[in-house]
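With positions in the sequence shown counted from 1, the corresponding number in the numbering used here is that position plus 7.
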Amino acid sequence: MFYSAYHSIDVVNGEGTRCTLFVSGCDHACKGCYNQSTWRVDAGHQFTQQLEDRIIADLNDTRIRRRGLSLSGGDPLHPANVSAVLQLVQRVRHECIDKDIWLWTGYQMSELTTAQAAIVAQVDVVIDGKFEQTLADPSLKWRGSANQIIHTISKGI
Ligand code: SF4
């Protein structure tokens with residue numbers, strides 16, 4: 008997997024203070040996408056074991072308390088990313104007990120493959136659906152267009 012950016016402290020992508028990973032790879036080609044530089048699966052940097060370990064350590068850093076991990080992109084559920092993202096979310100679940108996981112995807116919950124659904128099963132909040140420029144609304148919280156849905160899987164937001 009490749010990623011375009013990692014923010015160890017982030018307060019704009021989800022509830023509270025978070026760690027946010029923007030992965031590379033997206034096939035949705037939404038008109039008006041603000042993040043086209045992440046479309047190629049090999050854009051940016053290689054996601055390494057060292058970065059995975061750092062994310063776990065950052066989430067458990069008691070000096071700056073993070074509420075959880077946000078996964079955006081690109082698309083964390085792109086087929087090229089599902090293996091690495093599943094490993095990451097499973098580690099967060101096992102090693103970062105009180106942290107939540109938010110995930111943004113252009114896929115709709117109803118169309119997920121088994122591999123994608125296995126990731127979503129580990130996640131607390133999913134914002135799904137393509138960005139629809141005709142439904143764009145800057146006043147919306149956590150989403151860019153009105154068709155996108157915030158799914159709370161296991162915790163309140
Ligand atoms: S799903 Fe997100 S990253 Fe992918 S094309 Fe649409 S707006 Fe861009």
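All C-beta atoms, glycine included, are put in the ideal place defined by N, C-alpha and C.
Requested in this report: Let me know if Gln-57 comes out buried or exposed under the rule of 16 or more other beta-carbons within 10 Å of its beta-carbon.
Outcome: exposed
Requested in this report: Could you tell me if Gly-151 is buried or exposed, where buried requires 16 or more neighbouring beta carbons within 10 angstroms of its beta carbon?
Outcome: buried
Query raised in the report: Exposed or buried, which one is His-52 when buried takes at least 16 other CB atoms within 10 Å?
Result: exposed
Requested in this report: For Phe-29, write down the residues that DSSP places opposite it in a beta bridge.
Outcome: For Phe-29, DSSP records a beta bridge to Ala-12 and Ser-79.
Report task. Could you tell me whether the stretch 139-148 touches the stretch 27-34, using the rule of 3 or more Cβ pairs below 8 Å? Result -> no
Query - Contact belief for Ile-104 with Val-96 at Cβ below 8 Å, rounded distance in angstroms - result: The beta carbons of Ile-104 and Val-96 sit about 14 Å from each other, so the pair does not count as a contact at 8 Å.
**Report entry** Residues near Val-133 in its chain [Cβ-Cβ closer than 7 Å; skip 5 each side]
**Finding:** Leu-110, Thr-112, Met-116, Val-127, His-158 and Ile-160
**Report entry** Span separating the alpha-carbon of Thr-55 from that of Arg-100
**Finding:** 19 Å
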